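Contents: one structure, followed by commentary.
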Amino acid sequence: MDASNKLNLKNLILVPALITLAITLLRLTGELMNWAPVLFNKQAGGGGALVGISWLIPIFGFYFARKLLKANDHPAGMGRLFGFSLLALAVSAALFAVSIKFLASSRLPFLAGMIVAAGAGLIVARKAWPSLFTVLFTYGLAARIPVALIMLIAILNNWGTHYDVPPPNFPDTAPLTKWVAIGLVPQLTVWMAFTVIVGLLFGGIAAAVTKRNLALAQATS
19 MDASNKLNLK NLILVPALIT LAITLLRLTG ELMNWAPVLF NKQAGGGGAL
69 VGISWLIPIF GFYFARKLLK ANDHPAGMGR LFGFSLLALA VSAALFAVSI
119 KFLASSRLPF LAGMIVAAGA GLIVARKAWP SLFTVLFTYG LAARIPVALI
169 MLIAILNNWG THYDVPPPNF PDTAPLTKWV AIGLVPQLTV WMAFTVIVGL
219 LFGGIAAAVT KRNLALAQAT S
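Numbering of the sequence shown is given in this note's numbering, commencing with residue 19 and proceeding in unit increments.
So this is what it looks like as structure tokens:
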């Protein structure tokens, strides 16, 4: 984290975090106002909506990597970076698939499986590029904690947005139990792992582009 400390981690993620929060609030407004569904999908999970913060992950993964590279913080090797990133993706996906197949019928075991899947992926992902991992993890918290809090408010008030609509066949539960199951745990596990791992992969693209540009510059100098 030496380079990210030089950059000041708080300052590095501040603008991306504010942009992310603004889009989160825009999406919430769009869903509450019943704006175009293609932009603001109110269905459970909200997948595919064109207005959403998941689209920012590749952009900010690339951006954070460029900032670290300019601060002379480089991954130990391109093979290590992509290898551990892809391994982290595979580990998380496999464990999550196992959880869906064998644990989905029991809420607490399934949530535990979700935590294990995300945690295992993050442990592996940290080996890819520790500095970028730290930046992405911090950004992920800044992005996902507000979403989790909005989901709590939405659930308590039955807003009918994707922030509070449960998946099909979800049992009737107390609001706080519902929030933990569809809000708190997924936001701080699955979405955190997704943010970090996808961000690392696009950070790897930034590193590869930088490496190629340096090689071309040296070849023509």
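Glycine included, each C-beta is placed from N, C-alpha and C at the ideal position.
Predicted, not measured: the structure shown is a model, and the values here were computed from it.
**Request:** Take L150 and list the residues in its own chain whose beta-carbon comes closer than 7 Å to its own, dropping the five residues that flank it on each side.
**Result:** Reading the sequence shown from its first residue, position 132 is the one you call residue 150. Sequence-distant Cβ neighbours of L150 in its own chain, meaning closer than 7 Å and more than five residues away, are F82, A83, L86, L218, G221.
**Prompt:** What are the boundary residues of the alpha helix (DSSP H) that S103 is part of?
**Reply:** Numbered from 1 along the sequence shown, position 85 holds the residue referred to as residue 103. Per DSSP, S103 belongs to the alpha helix (DSSP H) from 96 to 121.
**Asked** With distances taken between CB atoms, is the gap from F102 to V142 smaller than 7 Å?
**Response** The residue given as residue 102 occupies position 84 in the sequence shown. The residue given as residue 142 occupies position 124 in the sequence shown. Yes.
**Request:** Measure the beta-carbon distance from I75 to V216 and round it to whole angstroms, keeping in mind my assumption that it falls under 8 Å.
**Result:** Sequence index remark: in the sequence shown, residue 75 carries index 57 (1-based). Sequence index remark: in the sequence shown, residue 216 carries index 198 (1-based). Going by Cβ atoms, the distance from I75 to V216 rounds to 5 Å, so yes, they are a contact pair.
**Close beta carbons around P184, own chain, < 7 Å, minus the five adjacent residues each side** = Sequence index remark: in the sequence shown, residue 184 carries index 166 (1-based). Here the set comprises A62, K196, I200.
**Item:** Span separating the alpha-carbon of N176 from that of F188
**Value:** Reading the sequence shown from its first residue, position 158 is the one you call residue 176. Reading the sequence shown from its first residue, position 170 is the one you call residue 188. The alpha-carbon atoms of N176 and F188 are separated by roughly 15 Å.
**Asked** Mind checking whether A136 and A211 have CB atoms under 7 Å apart?
**Response** Walking along the sequence shown from the start, residue 136 turns up at place 118. Walking along the sequence shown from the start, residue 211 turns up at place 193. Contact flag set, yes.
**Item:** Within 7 Å, strictly: CB atoms of L46 and L57
**Value:** Counting from one through the sequence shown, the residue named residue 46 turns up at place 28. Counting from one through the sequence shown, the residue named residue 57 turns up at place 39. With contacts defined as CB atoms closer than 7 Å, L46 and L57 fail to qualify as a contacting pair.
**Prompt:** Any idea what DSSP makes of R230, helix, strand or coil?
**Reply:** For the purposes of this step, residue 230 is identified with residue 212 of the sequence shown, where counting begins at 1. Note: R230 maps to helix in three-state DSSP.
**Request:** Look at the alpha carbon of A138 and the alpha carbon of L105, and state the distance between them as a whole number of angstroms.
**Result:** Here the question's residue 138 lines up with position 120 in the sequence shown. Here the question's residue 105 lines up with position 87 in the sequence shown. Their backbone Cα atoms lie some 10 Å apart in a straight line.
**Message:** Taking the alpha helix (DSSP H) that V142 belongs to, which residues open and close that run?
**Reply:** The residue given as residue 142 occupies position 124 in the sequence shown. V142 -> alpha helix (DSSP H) spans 125 to 143.
**Item:** Integer-rounded CB distance, given that V153 should sit under 8 Å from L27
**Value:** As a working note, residue 27 is residue 9 in the sequence shown. As a working note, residue 153 is residue 135 in the sequence shown. Confirmed, about 7 Å.
**Item:** N64 vs H180 beta-carbon contact at 7 Å
**Value:** Working through the sequence shown from its first residue, we reach residue 64 at position 46. Working through the sequence shown from its first residue, we reach residue 180 at position 162. In the sequence on display, residue 64 carries Gly and not Asn. Contact annotation: G64 and H180 have beta-carbon atoms nearer than 7 Å.
**Cβ shell of M132 (< 8 Å), same chain only, five flanking positions each side left out** = Indexing the sequence shown from 1 puts residue 132 at position 114. A distance below 8 Å between beta-carbons, with the five flanking residues on each side excluded, links M132 to the following residues of its chain, in chain order: F114, S117, V203, P204, T207, V208.
**Message:** Just to check my reading of the structure: I41 and I71 have Cβ atoms closer than 8 Å, yes? What is that Cβ distance to the nearest angstrom?
**Reply:** On the sequence shown, position 23 is the one that residue 41 refers to. On the sequence shown, position 53 is the one that residue 71 refers to. Yes, they are in contact, since the Cβ atoms of I41 and I71 sit about 5 Å apart, within 8 Å.
**Message:** Here's the rule: buried if 16 or more other CB atoms are within 10 angstroms of the residue's CB, otherwise exposed. What is V33?
**Reply:** Position 15 of the sequence shown, counted from the first residue, corresponds to residue 33. Exposed: under 16 other Cβ atoms inside 10 Å.
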